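Peer 1: Mind having a look at this structure? Questions to follow.
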Amino acid sequence: MGFNLQVFGSAFVMIFLAELGDKTQISTFAFASETRSVLSVFLGAALALVCTTFLGVVLGTAVGRFVPERIMKFVAAAVFLGFGAWTLAQAIRG
35 MGFNLQVFGS
45 AFVMIFLAEL
55 GDKTQISTFA
65 FASETRSVLS
75 VFLGAALALV
85 CTTFLGVVLG
95 TAVGRFVPER
105 IMKFVAAAVF
115 LGFGAWTLAQ
125 AIRG
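Residue numbering for the sequence shown follows this note's numbering, starting at 35 and increasing by one per position.
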């Protein structure tokens, strides 16, 4: 349970790039554009990201003890593709 700089860097780059332009960033952009309290928007959004990341780490660690990494990656990819298909279907419906 130590600190690994390579894992830290990989996690940072992967999450940073994945979050660019996603719904969370767009929502934060919208909130910030509607208020003068940008510090509140920043702190609220940052805390929300920290909390969801914490849940991901805790659940990933717990599930990882029982489920092989390959299956976890497959399920994660399937869920990701499912959300993409659902979003596409919603866009097509108008």
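Where is the CB? At the ideal position from N, CA and C, for every residue including glycine.
All values derive from a computational prediction rather than experimental measurement.
Taking all protein chains shown into account, do 16 or more other C-beta atoms lie within 10 angstroms of the C-beta of T95, making it buried, or fewer, making it exposed?
Peer 2: To locate residue 95, count along the sequence shown from 1; it is residue 61. Looking at its Cβ environment, which holds fewer than 16 other Cβ atoms inside 10 Å, T95 is exposed.
Peer 1: Rounded to whole angstroms, what is the Cα-Cα separation between T121 and E53?
Peer 2: Taking the first residue of the sequence shown as 1, we reach residue 121 at position 87. Taking the first residue of the sequence shown as 1, we reach residue 53 at position 19. Those two C-alpha atoms are separated by around 17 Å.
Peer 1: Quick one: give me the first and last residue of the alpha helix (DSSP H) that S44 is part of.
Peer 2: Position 10 of the sequence shown, counted from the start, is the residue given in the question as residue 44. Where S44 is concerned, the enclosing alpha helix (DSSP H) stretches over 39-53.
Peer 1: If I'm right that G140 touches M106 with Cβ under 8 Å, what's the distance once you round it to whole angstroms?
Peer 2: Outside the displayed span of the chain (35 to 128) sits residue 140, for which this structure offers no information.
Peer 1: How far does the alpha helix (DSSP H) with R104 in it reach, from first residue to last?
Peer 2: For this step, residue 104 is matched to residue 70 along the sequence shown. Residues 103-127.
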